[in-house]
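The working numbering applies: residue 184 is where the sequence shown begins, and numbers increase by one.
Quick reminder that beta carbons are idealized off the backbone N, C-alpha and C, glycines included.
As the structure is a prediction and not an experimental result, all values here were calculated from the model.
Quick notes on the structure that follows.
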Amino acid sequence: EDLGYLCLYDSERGLRESQRQILLQEKTQWGDEWFAMGDWNDICSPAEKKGGRKRNACSFLDFNSFISSMEMEEVTMAVYQFTWANNREEEGLCDAP
């Protein structure tokens, strides 16, 4: 059986909702075995945020609802939580406590 994958860069906040609706519609054609990876430019909880302004708990609802609707599960990495540098001086993998 084939394994499908989705690579995504979710950059513009204004496009997120329409992009997510398209993914929800397309998902029905992917079969049972697929995975998604990329930069969603969002987080699921305050525990994933390091620095900056605090976010209201309600601000996580849309992304978590999307994850649930897509029937996705997070695959945790052994060493690093994230794979981006976010304008940091040192490139490469970074981690949030």
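May I have the straight-line CA-CA distance separating residue i from residue j, to the nearest angstrom?
i: Leu198; j: Ala261; result: 32 Å
i: Ser252; j: Gln208; result: 11 Å
i: Leu244; j: Gly214; result: 26 Å
i: Leu191; j: Leu206; result: 10 Å
Go ahead and pull the three-state DSSP assignment for residue i.
i: Gly221; result: strand
i: Leu191; result: strand
i: Glu231; result: helix
Nearest CA to the CA of residue i: which residue from the options?
i: Gln212; options: Asn224, Gly187, Met255, Ser228; result: Gly187
i: Glu231; options: Glu254, Glu216, Thr259; result: Thr259
i: Ser194; options: Gly221, Glu257, Lys237, Glu254; result: Gly221
i: Cys241; options: Gly234, Gly235, Lys233, Pro229; result: Pro229
Can you find the residues in the same chain that come closer than 8 Å, C-beta to C-beta, to residue i, ignoring five residues on each side of it along the sequence?
i: Phe246; result: Trp223, Asp225, Ile226, Cys227
Where does the unbroken alpha helix (DSSP H) through residue i begin, and where does it stop?
i: Ser201; result: 196–209
i: Asp245; result: 244–252
Leaving out five residues before and five after residue i in sequence, what residues of the same chain have Cβ atoms less than 7 Å from its Cβ?
i: Lys218; result: The displayed chain sequence assigns Phe, not Lys, to residue 218. Excluding residues within five positions, the ones whose Cβ falls inside 7 Å are Tyr188.
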